[in-house]
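If you're matching positions, the sequence shown starts at 19 in the working numbering and goes up one per residue. Backbone N, C-alpha and C fix where the C-beta goes; we use that ideal spot for every residue, glycine too. As structure tokens, the structure follows; a few thoughts come after it.
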Amino acid sequence: MSTEGEGGGGVKLFIRESTGLVRELSFWDQLIIALGIINITGGFVLTMIVAPFAFPGSNMIWVFVLGAIPAFVIAWVYAILASAIPRTGGDYTWTGRVLGPRWASILGWMYILGTAGAVASQAWYITNF
């Protein structure tokens, strides 16, 4: 995706140029933020509390190694998207640019409900085990 350069011959990615909500982070900054959002501490604690009872004899080192691979890929994709479309809004903005506002709205609500469910389930596990 190219944006309009100084010569004015490129394709414009954004229609409105007056917004002040442009991100100024590099790709590596955004990758570190995306990796930081992954709740490693909560996931580690819950896994170490629940796994011995749910899966006796399981090798938790391999579970974390195999789980880290897709988590890193997802963080990499988020960093690429945040670098390519440096506007606030995250998933909603990226989905709206690619698939349209209807799918962006559906994704936004799925994200809100999924996050609420994840927080509720972690709270339940922490208080009951």
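- Per DSSP, R105 lies in no alpha helix (DSSP H) segment and is marked neither H nor E.
- One thing to note: L49 has its Cβ no nearer than 7 Å to the Cβ of A102.
- For the 7 Å CB-CB criterion, A93 and A141 do not form a contact.
- In this structure, the CA atom of W112 is about 10 Å from the CA atom of P104.
- Between I56 and A100, the beta carbon gap of about 15 Å keeps them out of contact (Cβ cut-off 8 Å).
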